[in-house]
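Chemist: Below is one structure. I have some questions about it.
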Amino acid sequence: MMMNSVFIWLPLLFLLTKKLLKKKNNNLVNNPPPSPPKLPLLGHLHLLGSHPHRSLYNLSQTHGPIMLLKLGSVPTIAISSASAARELFRQHDLASCSRPRLTGSGRFSYNFQDLNLSPYGERWRELRKIFILELFSTKRVQSFHHIREEEIDKLLNCISNSSSLGTPIDLAQTSYALTANVTFRIAFGKRFSGGELDNENFQHIIRRSMVALGSFFATDYFPCVGWIVDWISGVNGTLEKSFGEMDAIFQKVVDDRIKFKESCRSSEENIVDVLLRMERDSSELHAVKFTHECVKALIMDIFLAGVETGENSIIWAMAELIKNPRVMKKLQDEIRSTIKEDRVKESDLEKLQYLKMVVKEVLRLHPPVPLLLPRESMSHFKLNGYDIHPKTHIHVNAWAIGRDPESWKHPLQFIPERFIENNIDYKGQHFELIPFGAGRRICPGMNMGIIIVELALANMLLCFDWKLPNGMKEEDVDMEEDAGLSASKKLPLQLIPIRYSS
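So for the sequence shown, full-length UniProt numbering puts the first residue at 1; every next one is plus one.
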């Protein structure tokens, strides 16, 4: 009799449990964010296009600043307003501060041993402390001021040569040389230009690496069958080639630095020296066990972020200034009336308040990474009343937020004076302007990057006037972005420098 009761009640218990679980699951998904119509299997992948930040901005005009997308099998949230970003970073930063394990990220981070791309956890927390205290502290950043000023001198000499000939210069080449040399010297203790690594192919290696890092890997969105698509497309081979080229460069400079330190007892430390010292001193008791791979992963972070983003910001700034001669003149007047010597030093930058407004306006319209590096939620939370579930990818559209008419008057116009009326800055506390992110994942090296941009612009505008070549007018300057992780200017910006004499 008892056995018969068991056979009767077990199926009923199973059905009841299944119903309760289904009800609980339905409660979890009862209020998803708005979502555009999607295709079977692909979901919304076809809507992203070659400039996802622009596509997502356009979609947000119809579906709102918090959208749910299905990218293949991956649920993804797109955030396109300052108010939504404010709630995310202030109330749900911890729940949303991990990183998805993407194919490109995993390779270029040496299997997630870096800071920028690795998921959240104890190791990441310890690594961030090291970055902030050892590598990007105010004292450490200031200790490299002589490197930046020396490289600015070399930049100005290069521009002066073109000025004497009356020939245009390619701002991409000069800006790249500046940021590469500064980054090389800070990281490796040696210049990029004039060294064994200085060849016309090296800049292409950096470009290919950034493209590979931001490439589409079907495996990330279709885990079961995506590898077939990646194999057919050859994207994995491209990734391995780009990574191999970068790894060989970093391995060489690390080996060279070890040999140099063994033969020369110099007390001066660059970033590689600090990381190698930590490798020697690390123990199993620490959450971060430093290895050569970890050292190279952190160097990769610094180099890829430091070179191209600084270069792009300088180019976009000069493009906006040449298109807006009123702003150019006002900025030059400030610099030339304030600085009484033939160079702007780092200690002078705080005096140049309009310069700082111009840089903010450049970052508003042209953030270094238009779609901030993707986050991944670790637990369920509510965002503006919508349910966000674990393992959801989160894309914050810094480009769209910088152009949001709810936050900015005349958002498409280049008006640095807008910052006179408010105290908005880019350091993660004002969510209308988040070119470097916010919360736990804010870029730790932003201060070092901003200094070189401000210093370069101030000196270029102090020492030279600028004009377009071949009778071009301001409206002829093309402002189209190239596709990629960092939205660089698609067409070269060529300008003729004219030596200024007071």
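For every residue, glycine included, the Cβ atom is placed at its ideal position computed from N, Cα and C.
Values in this document were obtained by computation on a predicted structure and should not be read as measured data.
Beta-carbon within less than 8 Å of Trp-408's beta-carbon, same chain only, minus the 5 sequence neighbours each way: which residues are those?
Modeler: Arg-364, Gly-402, Arg-418, Glu-432
Chemist: For the alpha helix (DSSP H) holding Val-477, just list the boundary residues, first then last.
Modeler: It is not in any alpha helix (DSSP H) - Val-477 carries neither H nor E in the DSSP assignment.
Chemist: Spatial neighbours of Val-229 within its chain, please: CB distance less than 6 Å, with the 5 preceding and 5 following residues excluded, ordered by chain position.
Modeler: Ala-218
Chemist: Who are Gly-43's beta bridge partners in DSSP?
Modeler: BP columns for Gly-43 point to Leu-39, Leu-71.
Chemist: Out of Ile-249, Met-246, Asp-273, which has the shortest C-alpha to C-alpha gap to Ile-258?
Modeler: Asp-273
Chemist: Compute the Euclidean distance between the alpha carbons of Arg-207 and Met-246, then round it to the nearest angstrom.
Modeler: 11 Å
Chemist: Within the stretch 303-388, note down every full alpha helix (DSSP H) run reaching 4 residues or more, in order along the chain.
Modeler: 325-338, 353-365
Chemist: Provide the residue(s) that pair with Phe-464 in DSSP beta bridges, ordered along the chain.
Modeler: Arg-499
Chemist: DSSP three-state label for Thr-291, please.
Modeler: coil
Chemist: In terms of residues, what are the limits of the beta strand (DSSP E) holding Val-396?
Modeler: 393-396
Chemist: Select from Val-344, Pro-497, Cys-443 the residue whose C-alpha is nearest the C-alpha of Asn-459.
Modeler: Nearest in C-alpha terms to Asn-459, of all of Val-344, Pro-497, Cys-443, is Val-344.
Chemist: Here's a check: name, in chain order, each residue in its chain whose Cβ is nearer than 6 Å to the Cβ of Phe-381, leaving out the five neighbours to either side.
Modeler: His-92, Ala-95, Ile-388
Chemist: Would you mind sorting Val-225 into buried or exposed? The rule is 16 or more other CB atoms within 10 Å of its CB.
Modeler: Note on Val-225: under 16 other CB atoms within 10 angstroms of its CB, so exposed under the neighbour-count rule.
Chemist: Comparing C-alpha positions only, which one of Leu-491, Glu-376, Lys-490 sits nearest to Val-97?
Modeler: Looking at the sequence shown, residue 97 is not Val but Cys. Minimum Cα-Cα distance from Cys-97 among the listed residues Leu-491, Glu-376, Lys-490 corresponds to Glu-376.
Chemist: Does the stretch 164-173 come within contact of the stretch 140-147, defined as at least 3 CB pairs closer than 8 Å?
Modeler: no
Chemist: Tell whether a beta-carbon distance below 8 Å holds between Pro-368 and His-53.
Modeler: no
Chemist: Which one of Asn-470, Lys-473, Gly-471, Leu-491 has the shortest CA to CA distance from Glu-480?
Modeler: Leu-491
Chemist: Could you tell me how far apart the beta carbons of Ala-483 and Ile-434 are, in whole angstroms, since I believe they sit closer than 8 Å?
Modeler: Not really, about 22 Å apart at Cβ, beyond 8 Å.
Chemist: Assuming Asn-161 is part of the alpha helix (DSSP H), what are its boundary residues?
Modeler: 145-165
Chemist: Can you tell me which of the three DSSP states Gln-113 falls into?
Modeler: coil
Chemist: Report the CB separation of Thr-183 from Phe-303 in whole angstroms; it is logged as a contact under 8 Å.
Modeler: 6 Å
Chemist: Who are the Cβ neighbours of Trp-316 in its own chain at under 8 Å, not counting the five residues just before and after it?
Modeler: Val-362, Leu-365, His-366, Lys-489
Chemist: State the DSSP-derived secondary structure class of Ala-483, mapped to helix, strand or coil.
Modeler: coil
Chemist: What are the residues that DSSP puts in a beta bridge with Asp-93?
Modeler: Note: Asp-93 sits in no beta bridge, so no partner.
Chemist: Take every Cβ of the stretch 57-77, pair it with every Cβ of the stretch 418-430, and state whether three or more of those distances are shorter than 8 Å.
Modeler: no
Chemist: Going by alpha carbons, who is nearest to Ser-215 out of Phe-136, Gly-471, Gly-49, Lys-252?
Modeler: Gly-49
Chemist: Any idea if His-44 is buried or exposed, counting beta-carbon neighbours within 10 angstroms, 16 or more meaning buried?
Modeler: buried
Chemist: To test your reading of the DSSP string, which unbroken alpha helix (DSSP H) runs of 4 or more residues are found completely within the stretch 203-265?
Modeler: You should have 226-233, 235-263.
Chemist: To the nearest angstrom, how far is it from the Cα of Met-210 to the Cα of Arg-326?
Modeler: C-alpha of Met-210 to C-alpha of Arg-326: approximately 35 Å in a straight line.
Chemist: For Ile-79, name the three-state secondary structure that DSSP assigns.
Modeler: strand
Chemist: Just checking my contact of Asn-31 with Tyr-386 at CB under 8 Å: how many whole Å lie between their CB atoms?
Modeler: 6 Å
Chemist: Can you tell me where the alpha helix (DSSP H) holding Ile-132 begins and where it ends?
Modeler: First-last for Ile-132: undefined, no H or E at that position.
Chemist: From the DSSP output, read off the bridge partner residues of Ser-98.
Modeler: Glu-376
Chemist: Excluding five sequence neighbours on each side, which residues of the same chain lie with their C-beta closer than 8 Å to the C-beta of Asn-25?
Modeler: Caution is warranted here: a pLDDT of 48 is assigned to Asn-25, below 50, making its placement in the model unreliable, and no coordinate value can be reported.
Chemist: Okay, do the stretch 248-258 and the stretch 124-134 touch, 3+ Cβ pairs below 8 Å being the bar?
Modeler: no
Chemist: Helix, strand or coil: how does DSSP classify Gln-494 here?
Modeler: strand
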